[in-house]
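Heads up: the sequence lines are chains A and B, in that order. Following the numbering used here, the numbering of the first sequence begins with 1 at its first residue and continues without gaps. Following the numbering used here, the numbering of the second sequence begins with 1001 at its first residue and continues without gaps. Here a beta-carbon is modelled for each residue, glycine too, at the ideal position from N, C-alpha and C. Quick notes on the structure that follows.
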Amino acid sequence: MNKLLKPAVFAASLMPFAWLLYGAFAGGLGPDPAKTVILQTGEWALRFLLLTLAVSPLRRISGWYWPMRLRRMLGLFAFFYACVHLASFCQFYTGWDAGRLLEELAERPYITVGALAWVLLLPLAITSTHAMQRRLGRNWRRLHRLVYPALLLACVHLAWQVRSDYGEALVYGVFAALLLGYRWFAGRRSRQ
Amino acid sequence: MPGRFKVPGIPSSEITPESVYLRRRQFIQAAGAIAAPGVLGLSAGASAAYVPGETALEYAPAAKGPLGYYTDEALTPRRDAASYNNFYEFGTGKTDPAAYAHEMTVDPWSIEVDGEVAKPGKLHLEDILSRYPLEERIYRLRCVEAWSMVIPWVGFPLSALLAEFQPTSKARYVAFRTLYRKGEMRGTRSFTSSLDWPYREGLRLDEAMHPLTLLAVGNYGKTLPNQHGAPLRLVVPWKYGYKSIKSIVRITLTEKQPATSWNMSQPREYGFYSNVNPNVDHPRWSQKHERRLPGSLFKPNRIETLMFNGYEEQVASLYAGMDLKKHY
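Given below as structure tokens:
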């Protein structure tokens, strides 16, 4: 069980990507496959971000240690899906044309917000190795607090695109608020 | 046309309790009455089987020429058009209408025409299908979300219907309403939607009387599938898709500009006119380009959006002297 945990979660985390890949070649992504890929990868990036941030509250509340062993991997999957999301946008909506990309960034502010969230995640992914953790010491924890503004930006990125029904954005927002709120309260208690 | 309309008597749907007539379709199916879809159109009577999306229609082919009734651009395949829809009464996802619109009862159906008309009245689905000569129109459809399709509609000009009810001299606008039946429309049961039901749309009378403005009863040669707005919907090809209101139950001629759903929900983003205009961006995104569907991952099909969706020659005169940045 112990040995299987990580590979099992790794395989499960790849499933949404595998499904999209299969759909892309089997023609199962509908008349607007580019949009399907972009929506799905964006949602999975946000879900993995929330899962990553749920790890330490879960550990504290339950006392289990095993969730901690998954945190890095879940965080990297959040970054992985964010990368596929961003790359799909560049490929399908802008054709990697820098002019078009700048135009989209300028005209669609929610895209800028989403791009900013990705930029905040980038140094976290780069410094995710044990070696970097040791090298950065106390600064590693400080640096990795960037995940909180990244999560907030990702939620804004989603909510900003709502046309009429804010139900889905609300659900993600409530989870984000719970996870961030927990840390705020826990932090206050430990300072007292 | 003029003079042929007579005020209908009391139809059976008015004296049958709603709960009973809403089950009529199931009853007919159980009785095996819809053995073969007949041909509606000129010959249709109350006895002809009406099956949304299935019954073949009789119609004249789209006329080529400068009127804009026809385009030789590649048609969006029927399957794609029927599986990618915005019909928020059934959910906000693109595949929700295809999944849930079958829950809507469309037969029996009637439309009430009232307001500033000399002869207010009610039209029944059978009358609509038999009274008006049907024709095909191949139109571009440009959604405000920056995707587009090319769809062969079957219908008749809205002007033909309006003329029969004789708009009064006070009539300046036309207001439309979609069916609102909570029990059959799961999207209207959402607690987090900012749209107010029933869905409402409107046109200026001269826009409504324009020959391009179509009341569609079918597409791809057959009756409309529910997700496309069966049994009867508006198609205004030079405006963003949401102006082409679906599953219409009421048409009211008014003196004042009517309230419209998206405009009520987000007035800064969705104006009353909503003409396709690449020079006026949606506040949250650009309207300069569109994705012509179906696209593929390897060929995104991104094309430039045309003024009035390419119908500038036909409709620009309606807006002569108007500031379209202000009247978006």
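- If you check the CB distance, B:Gly-1202 and B:Phe-1298 do not come in under 8 Å.
- The residue among B:Tyr-1173, B:Gly-1187, B:Thr-1192, B:Trp-1109 with its C-alpha nearest the C-alpha of B:Glu-1116 is B:Tyr-1173.
- Counting only residues of its own chain and dropping the five nearest sequence neighbours on each side, A:Val-156 has a CB closer than 6 Å to the CB of Val-113.
- Below 8 Å, too few C-beta pairs join the segment 1273-1291 of chain B and the segment 1213-1231 of chain B to call them touching: fewer than three.
- Between the alpha carbons of B:Lys-1326 and B:Asn-1219 lies a distance of about 34 Å.
- For the pair B:Ala-1049 and B:Gln-1227, the CB atoms are not nearer than the 8 Å cut-off.
- With three or more CB-CB distances shorter than 8 Å, the segment 83-102 of chain A counts as touching the segment 34-51 of chain A.
- Between the C-alpha atoms of A:Arg-142 and A:Glu-107 there is a straight-line separation of about 33 Å.
- Between the C-alpha atoms of B:Arg-1181 and B:Val-1150 there is a straight-line separation of about 30 Å.
- For the pair B:Gly-1295 and A:Asp-97, the CB atoms are not nearer than the 8 Å cut-off.
- Trp-1147: these are the residues of the segment 1137-1161 of chain B whose beta carbon lies less than 7 Å from some beta carbon of chain A, given in chain order.
- Counting only residues of its own chain and dropping the five nearest sequence neighbours on each side, B:His-1282 has a CB closer than 7 Å to the CB of Val-1144, Glu-1269.
- With contacts defined as CB atoms closer than 8 Å, B:Thr-1223 and B:Val-1113 fail to qualify as a contacting pair.
- With contacts defined as CB atoms closer than 8 Å, A:Met-73 and A:Phe-10 qualify as a contacting pair.
- Boundaries for A:Trp-118: no beta strand (DSSP E) harbours it, while the alpha helix (DSSP H) harbouring it runs 109-126, taken from the DSSP string.
- When DSSP states are grouped into helix, strand and coil, B:Asn-1263 belongs to the helix group.
- Note that the C-beta distance between B:Pro-1066 and B:Glu-1313 is below 8 Å.
- From the beta-carbon of A:Glu-43, no residue of chain B is found nearer than 7 Å; the closest lies around 12 Å away.
- Assignment of B:Glu-1058 by DSSP, reduced to helix, strand and coil, places it in the coil class.
- Chain order gives the chain B residues near A:Ala-24 as Leu-1297, where near means a beta carbon separation below 8 Å.
- The beta carbon of A:Ala-159 sits closer than 6 Å to the beta carbons of Ala-169 from its chain, once the five residues preceding and following it are set aside; these are given in chain order.
- Against chain A, a Cβ distance below 9 Å from B:Tyr-1084 picks out Gly-30, Pro-31, Asp-32.
- A distance of 8 Å or more separates the beta carbons of B:Pro-1152 and B:Thr-1213.
- Taking 8 Å as the cut-off between beta carbons, the residues of the segment 1279-1294 of chain B near chain A are Asp-1281, Arg-1284, Trp-1285, Ser-1286, Arg-1291, Leu-1293, Pro-1294, in sequence order.
- Taking A:Thr-127 as the centre and dropping the five residues before and after it, the same chain places the C-beta of Gln-133, Leu-136, Trp-140, Leu-143, His-144 closer than 8 Å to its C-beta, in chain order.
- Every unbroken stretch of the alpha helix (DSSP H) spanning 4 or more residues and falling wholly within the segment 1175-1228 of chain B is given here in chain order: 1205-1209.
- Sixteen is the threshold: when 16 or more other Cβ atoms of the shown chains lie within 10 Å of the Cβ of B:Val-1154, as they do, the residue is buried.
- Not one beta carbon of chain A lies nearer than 8 Å to the beta carbon of B:Tyr-1069.
- Annotation: B:His-1289 to B:Thr-1252 spans about 35 Å, alpha carbon to alpha carbon.
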